[in-house]
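A quick write-up on the structure given underneath.
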Amino acid sequence: MHIAVTTRFLLPGGHLEGLGRYTYESLRCLVQQHPECTFHFLFDRAYDPRYLLGPNVVPHVLRPPARHPLLMLAWYEGAVAHWLRRHRPAVLLSPEGFSVLSTQVPRVVVVHDLAYLHRPQDVGRLMQRYYTYFLPRFYRAAAQLV
């Protein structure tokens, strides 16, 4: 089985916090427990080789780097959607809570943070608009929410 995984938060240099640490630890276990599966890690920039967690991991760097809401839109709905159309994996796992709307590939989305709803004043204005518009759509489009 081929599983695509968005791995934007596995940042080079190995200094992981929050979503990066969660992504790393979760994927480390999944990759080890399922050697029969091929995991396609979708990075938005050059990756640290230590994130290739097993021989069943295939890295892909898709541009542009997505650290701004407009670039996130370009990355998910452009680069990732195109990659999914070309490779047709069995599922897309999004451990960081963001996903792709323009695909027929089943999606598993992990929901971490609802701060944009509870404390909108703590989220930048543009990011708040991105969250408010896209996150409910990502969640509705997902085959499974975690």
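Mapping of the sequence shown onto the working numbering: residues 45 to 190, in sequence order.
Glycine is no exception: its CB is placed at the ideal position from the N, C-alpha and C atoms.
Since this is a predicted model, take the numbers as computed values, not measurements.
Check, Outcome
"Option in Ala-118, Leu-137, Asp-92 with minimal Cα separation from His-193", "What the structure shows of the chain is the stretch from 45 to 190, and residue 193 is not part of that stretch, so it cannot be assessed."
"Val-75 versus Leu-128 - alpha carbon distance", "20 angstroms"
"Counted within 10 angstroms of its Cβ, other Cβ atoms place Ala-209 as buried (16 or more) or exposed", "Because the chain here runs from 45 to 190, residue 209 falls outside it and cannot be looked at."
"Among Val-102, Pro-103, Tyr-120, the one whose alpha carbon lies nearest that of Ala-110", "Tyr-120"
"Three-way DSSP call (helix, strand, coil) for Ser-138 in this model", "strand"
"Simplified DSSP state of Ala-123, which is helix, strand or coil", "helix"
"Straight-line Cα distance separating Tyr-175 from Arg-169", "10 angstroms"
"Phe-85 (DSSP reduced to helix, strand or coil)", "strand"
"Close Cβ partners of Val-144 (< 6 angstroms) along its chain, the five nearest in sequence each way excluded", "Tyr-120, Val-124, Ala-125"
"Three-way DSSP call (helix, strand, coil) for Ala-48 in this model", "strand"
"Three-way DSSP call (helix, strand, coil) for Gln-165 in this model", "helix"
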